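**Student:**
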Amino acid sequence: MADLLDALRTPEPGLTLPPADEVRRRGDRLRRRRRTWQVAGAAAAVAVVVGGGALLGAGDTTPRDLPVTRPSTTPPISTAVPSGLPITSGWPDPGGDGSIRVGRTPALGDIPYCGRTAYPVVEQADRLTARYEAPAGFRTREVTTYVDVATARRALTTFRTAAGRCQGAQEGPTATRYRISPVPVGDESFAVLASPEEAKAIGIESIVVARIGNALMVSTHSGEGAAGQVEQQANADARDLAPVARFLSGREDTPSSDVLTLDGAGDLRLGTNRDDLVATGQLTVVTPVAHAACDGLVVNRWGGLENEVDGFVSHRYGLAAVFARPGVTRTPKGIRVGSSEAELRAAYPTAEDASGGRVRLTDPNHPGRNITFTVEHGKVTGFVAALDNQDCYD
Amino acid sequence: MTSDPAGATAMLETAAARPVVRGGGMDETEFDEFYTASFTRIVGQLHAMIGNRDEAQDCVQEAFARAWSHRARLDRVGHPEAWVRTTAYRLAVSRWRRTVVRRRPADRALQPERPVAGPGPDRVALLAALAELPLDQRRALVLHHLCDLSVAAVAAETGAPEGTVKARLSRGRAALAALLDDPRSRPEGAHHG
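Read top to bottom, the protein sequences are chains A and B.
387 is the number that this note's numbering gives to position 387 of the first sequence; each next residue is one higher, with no gaps.
Throughout, this note's numbering is defined as the position within the second sequence, counted from one, plus 1000.
1) Name the one or two DSSP bridge partners that lysine 379 of chain A has.
2) Any C-beta of chain B sitting closer than 9 Å to the C-beta of glycine 27 of chain A?
3) Given a threshold of 16 other Cβ atoms within 10 Å of its Cβ, counted over all protein chains shown, does proline 13 of chain A qualify as buried or as exposed?
4) Note down the Cα distance separating alanine 1175 of chain B from leucine 5 of chain A, rounded to an integer number of angstroms.
5) Can you name the residues that DSSP bridges to glycine 318 of chain A?
6) Using the three-state DSSP reduction, which class does proline 1080 of chain B fall into: helix, strand or coil?
7) Taking the beta carbon of threonine 176 of chain A as the centre, do at least 16 other beta carbons fall within 10 Å, making it buried, or is it exposed?
8) Comparing alpha-carbon positions, which option in B:Arg1071, B:Ala1072, B:Gln1045, B:His1070 lies nearest cysteine 1059 of chain B?
9) Between the Cα of alanine 479 of chain A and those of A:Ala265, A:Asp353, A:Leu361, A:Trp302, spot the shortest distance and give me the residue it belongs to.
10) Valine 309 of chain A by DSSP, collapsed to three states: which one?
11) Is threonine 36 of chain A helix, strand or coil when you go by DSSP?
12) Using 9 Å as the limit for Cβ to Cβ distance, is aspartate 60 of chain A near chain B?
13) Look at leucine 344 of chain A and valine 322 of chain A and say whether their C-beta atoms are less than 9 Å apart.
14) Using a Cβ-Cβ cut-off of less than 7 Å, list which residues of the segment 335-349 of chain A approach chain B; keep chain order.
15) Let me make sure I understand the geometry here. Which of A:Ala346, A:Asp295, A:Val185, A:Gly164 has the alpha-carbon closest to that of valine 208 of chain A?
16) Let me check understanding here. Comparing Cα to Cα, which of A:Gly357, A:Gln390, A:Arg369 lies closest to histidine 315 of chain A?
17) What is the DSSP secondary structure of histidine 221 of chain A, reduced to helix, strand or coil?
18) Ignore the nearest five residues each way along the sequence and tell me which others in tyrosine 113 of chain A's own chain have a CB closer than 6 Å to its CB.
19) So, with DSSP's three-state summary, where would you put isoleucine 371 of chain A?
20) Arginine 211 of chain A: which of A:Gly98, A:Leu260, A:Ala354, A:Thr157 sits nearest, CA to CA?
21) Quick one, are the C-beta atoms of alanine 236 of chain A and proline 196 of chain A less than 9 Å apart?
22) Identify which residue in A:Arg358, A:Ser249, A:Gly311, A:Pro367 has its Cα closest to the Cα of threonine 79 of chain A.
23) Look at the Cβ atom of valine 285 of chain A, then the Cβ atom of arginine 274 of chain A, and state whether they are nearer than 9 Å.
24) For cysteine 114 of chain A, report the span of its alpha helix (DSSP H) as first-last.
25) Our contact map puts arginine 24 of chain A next to glutamate 1028 of chain B with C-beta atoms below 8 Å; I'd like the distance itself, whole angstroms only.
26) Against chain A, with Cβ distances strictly below 9 Å, would leucine 1127 of chain B count as a contact?
27) Measuring straight from C-alpha to C-alpha, what distance separates alanine 154 of chain A and isoleucine 87 of chain A?
28) Who are the neighbours of alanine 1175 of chain B on chain A, taking C-beta pairs under 8 Å?
29) Compare the Cα-Cα distances from serine 99 of chain A to each of A:Val122, A:Asp110, A:Gly296, A:Glu133 and report the closest residue.
30) Please go through the segment 133-203 of chain A and give each complete alpha helix (DSSP H) segment of 4 or more residues, from N-terminal end onward.
31) What residues in its chain sit with their C-beta under 6 Å from that of valine 328 of chain A, if we drop five residues either side in the sequence?
32) In whole angstroms, give me the CA-to-CA distance for tyrosine 1035 of chain B and tryptophan 1068 of chain B.
33) Are valine 337 of chain A and tyrosine 348 of chain A touching if we call contact CB-CB under 9 Å?
34) Kindly indicate which three-state DSSP category aspartate 1181 of chain B falls into: helix, strand or coil?
35) According to DSSP, is isoleucine 100 of chain A part of a helix, a strand, or is it coil?
36) Spatial neighbours of alanine 7 of chain A within its chain, please: CB distance less than 8 Å, with the 5 preceding and 5 following residues excluded, ordered by chain position.
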């Protein structure tokens, strides 16, 4: 029986070897992306603080001129997607070969069911998107706004109708079954569950669609689960979307655990040594730099990062700095990346101007620590809670 | 690293935690030799596992690119071919990847598709029969009978207990033999193990 697969030992007929230098060039690009912060060194560390919008794709940071929303029956929101929306809420760490990207370019493209486009069909006013890629899962989220609630309702109804009329589709060798399932999020919502007909096949996709006032959230999640797991996956996704929905409706702020204070971020307290930090399971130490004084870290509950870090752990001083994550973190007084300088000054009237257009907040009750804000063109573009004597960046 | 959804980089990440050794890693020449010597073989193995040659080739290319991006630690892994194969397999079986491919242009294809010569009838029959098997059985069979890995090595590469691997091999062989109308269809113990 050992010779059973011998017919496959001969080389694949007609297979051409792609040039090695092309493969290496792609590998180099992957490596550069992974190492950007490391290579850039201290300057990059500051850039992470300054570049609050660095998570956004190029050209994605400029707000559009948008019409003012008309009054609606549900909590009124602007047609502009609000600053600080925690769009990646609940996403796990994508790991070293994965990434999370946030921007305003479409993340989904057309979503068709049985040849009929379900989304996007209705003209959108504004959009914020997030894309999660990891070897074991692919997720996207799009939050779009419409000129009024009725238009957003029409967008949701169009989606549900197209998906509901399609029982399944053949995708290459795989037959996929679709069904609609209720999920509890937003003002009205549903999930489209896609699973393989074949019991042996793996690969499921759940799409949660929810309307909050004049905004529509579309969340997709593709993974390697079996058909029996797709409903559970959709329900979990709906739960993860709840903070986004609450933020959109204006009913709730981001969780208190995402508040950045002079002590750090929740249990991640400045000055804690590396081993104790790792033991919390709340962060991932990334790409340690040989001979450097500090390692980078990513806060797991904030989701993964591709080329950046959420802070540094000093070998000498412990947790030395935690940067604000755009769309996730705020100060105790509600200042976020994107807040206006006027809001910052009003919230912290004792904060002092520092070099490079920065604003520095200290407190005698928290000696040796500071929160430094970077302000550009009247907006807070980043901030960091750090030890005064940190040795990780200039 | 605290987590690695695919587990595919686990060996490299383990290696990353070790002290840096001067002169470690593959240089360009060594990588090119490794790539040239093993690319076709791994594509064939992955094709047998997943049943789609174009997809297999694409995933193996991507896995080699990732291997090069980790080249500084590649030689210390000890089994770079296993790493590339595992990474390519995990890329290939992920449904999300098909979703991505469907929803965006093939921006990372390293070369356009080319017409290929047809495979022989034995190969076609074998690939068709393999495709009928559950993925786990198929993978175990390919690793054991085509990659010549021991049961223990298959267990290590797939993350399954040795007993599970033996069961998959036994059932897989029986099913495959039946599909090929092979008289040797009775389950038997694992080879090489």
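Positions of the beta carbon are idealized from the N, C-alpha and C atoms, including for glycine.
Owing to the predicted nature of the structure, the values given are computational and were not obtained by experimental measurement.
**Tutor:** The relevant details are as follows:
1) Numbered from 1 along the first sequence, position 379 holds the residue referred to as residue 379 of chain A. Under DSSP, the beta-bridge partners assigned to lysine 379 of chain A are A:Ser340, A:Glu376.
2) In the first sequence, counting from the first residue as 1, residue 27 of chain A sits at position 27. Closer than 9 Å to some Cβ of chain B, the Cβ of glycine 27 of chain A qualifies, so yes.
3) Position 13 of the first sequence holds residue 13 of chain A. Proline 13 of chain A should be labelled exposed.
4) Here residue 1175 of chain B refers to the residue found at position 175 of the second sequence. Here residue 5 of chain A refers to the residue found at position 5 of the first sequence. Rounded to whole angstroms, alanine 1175 of chain B to leucine 5 of chain A spans 14 Å at the Cα level.
5) Here residue 318 of chain A is taken as the residue at index 318 of the first sequence, counted from 1. In the DSSP output, where bridge partners are listed per residue, glycine 318 of chain A has A:Ser314.
6) As a first step, residue 1080 of chain B is located in the second sequence; it is residue number 80 there, counting from the start. Reduced to three states, the DSSP call for proline 1080 of chain B is helix.
7) For the purposes of this step, residue 176 of chain A is taken as the residue at position 176 of the first sequence. Residue environment: threonine 176 of chain A is assigned as buried (16 or more neighbouring CB atoms within 10 Å of its CB, all protein chains considered).
8) Taking the second sequence and counting its residues from 1, the one referred to as residue 1059 of chain B is at position 59. Residue B:Gln1045 is the option with its Cα nearest to cysteine 1059 of chain B.
9) The shown model of chain A, from 1 to 394, leaves out residue 479 of chain A, and the question about it has no answer.
10) By 1-based counting over the first sequence, the position of residue 309 of chain A is 309. DSSP places valine 309 of chain A in coil when its eight states are reduced to three.
11) Here the question's residue 36 of chain A lines up with position 36 in the first sequence. At threonine 36 of chain A the pLDDT is 38, less than 50, meaning the model places this residue with poor confidence; the figure from the coordinates comes in the next sentence. It is helical.
12) By 1-based counting over the first sequence, the position of residue 60 of chain A is 60. Because the pLDDT at aspartate 60 of chain A is just 26, under 50, the model does not fix this residue reliably, and the point stays unresolved.
13) For the purposes of this step, residue 344 of chain A is taken as residue 344 along the first sequence, with counting starting at 1. For the purposes of this step, residue 322 of chain A is taken as residue 322 along the first sequence, with counting starting at 1. Taking 9 Å as the cut-off, the Cβ atoms of leucine 344 of chain A and valine 322 of chain A do not count as close.
14) Residues: none.
15) Taking the first residue of the first sequence as 1, we reach residue 208 of chain A at position 208. The shortest CA-to-CA distance from valine 208 of chain A to any of A:Ala346, A:Asp295, A:Val185, A:Gly164 is the one to A:Val185.
16) Here the question's residue 315 of chain A lines up with position 315 in the first sequence. The shortest C-alpha separation from histidine 315 of chain A is found at A:Gln390.
17) As a first step, residue 221 of chain A is located in the first sequence; it is residue number 221 there, counting from the start. Three-state result, histidine 221 of chain A: strand.
18) For the purposes of this step, residue 113 of chain A is taken as the residue at position 113 of the first sequence. Closer than 6 Å at the Cβ level, and outside the excluded window around tyrosine 113 of chain A, lie Ala162, Ala163, Cys166.
19) Translated into the one-based positions of the first sequence, residue 371 of chain A becomes position 371. The answer is strand: DSSP assigns isoleucine 371 of chain A an E or B state.
20) Counting from one through the first sequence, the residue named residue 211 of chain A turns up at place 211. For the set A:Gly98, A:Leu260, A:Ala354, A:Thr157, the Cα lying nearest the Cα of arginine 211 of chain A is the one of A:Thr157.
21) What you label residue 236 of chain A is simply residue 236 of the first sequence in a count that begins at 1. What you label residue 196 of chain A is simply residue 196 of the first sequence in a count that begins at 1. Their beta carbons are not under 9 Å apart, which means alanine 236 of chain A does not touch proline 196 of chain A by this criterion.
22) One-based indexing of the first sequence puts residue 79 of chain A at position 79. Checking every option, the nearest Cα to that of threonine 79 of chain A belongs to A:Ser249.
23) The sequence position of residue 285 of chain A within the first sequence is 285, counting from 1. The sequence position of residue 274 of chain A within the first sequence is 274, counting from 1. Contact flag set, yes.
24) The residue given as residue 114 of chain A occupies position 114 in the first sequence. Careful: cysteine 114 of chain A lies outside any alpha helix (DSSP H) and carries neither H nor E.
25) As a position in the first sequence, residue 24 of chain A is number 24, starting the count at 1. As a position in the second sequence, residue 1028 of chain B is number 28, starting the count at 1. Contact between arginine 24 of chain A and glutamate 1028 of chain B is confirmed by a C-beta separation of about 7 Å, below the 8 Å threshold.
26) Here residue 1127 of chain B is taken as the residue at index 127 of the second sequence, counted from 1. By this cut-off, leucine 1127 of chain B is an interface position.
27) Residue mapping note: residue 154 of chain A aligns to position 154 of the first sequence, counting from 1. Residue mapping note: residue 87 of chain A aligns to position 87 of the first sequence, counting from 1. The residue asked about is misnamed: residue 154 of chain A is arginine in this sequence, not alanine. C-alpha separation (whole angstroms): 23 Å.
28) Taking the second sequence and counting its residues from 1, one reaches residue 1175 of chain B at position 175. Simply none; closest approach about 11 Å.
29) Mapped onto the first sequence, residue 99 of chain A falls at position 99. Of the candidates A:Val122, A:Asp110, A:Gly296, A:Glu133, the one whose C-alpha sits nearest the C-alpha of serine 99 of chain A is A:Glu133.
30) At a cut-off of 4 residues, the continuous stretches assigned as alpha helix (DSSP H) that sit fully inside the segment 133-203 of chain A are 149-164.
31) As a position in the first sequence, residue 328 of chain A is number 328, starting the count at 1. Residues Pro86, Asp258, Trp302 of the same chain have their beta carbon placed closer than 6 Å to that of valine 328 of chain A, with the five preceding and five following residues left out of the count.
32) Within the second sequence, residue 1035 of chain B is the residue found at index 35, counting from 1. Within the second sequence, residue 1068 of chain B is the residue found at index 68, counting from 1. Distance between the alpha carbons of tyrosine 1035 of chain B and tryptophan 1068 of chain B: 10 Å.
33) Counting from one through the first sequence, the residue named residue 337 of chain A turns up at place 337. Counting from one through the first sequence, the residue named residue 348 of chain A turns up at place 348. Cβ distance not < 9 Å, so valine 337 of chain A and tyrosine 348 of chain A don't count as in contact.
34) On the second sequence, position 181 is the one that residue 1181 of chain B refers to. Assigned with DSSP and collapsed to three states, aspartate 1181 of chain B falls in coil, not helix or strand.
35) Translated into positions along the first sequence, residue 100 of chain A becomes position 100. Shown here, isoleucine 100 of chain A sits in a strand according to DSSP, grouped into three states.
36) As a first step, residue 7 of chain A is located in the first sequence; it is residue number 7 there, counting from the start. Taking C-beta separations shorter than 8 Å and ignoring five residues to either side along the sequence, alanine 7 of chain A has no partners in its chain.
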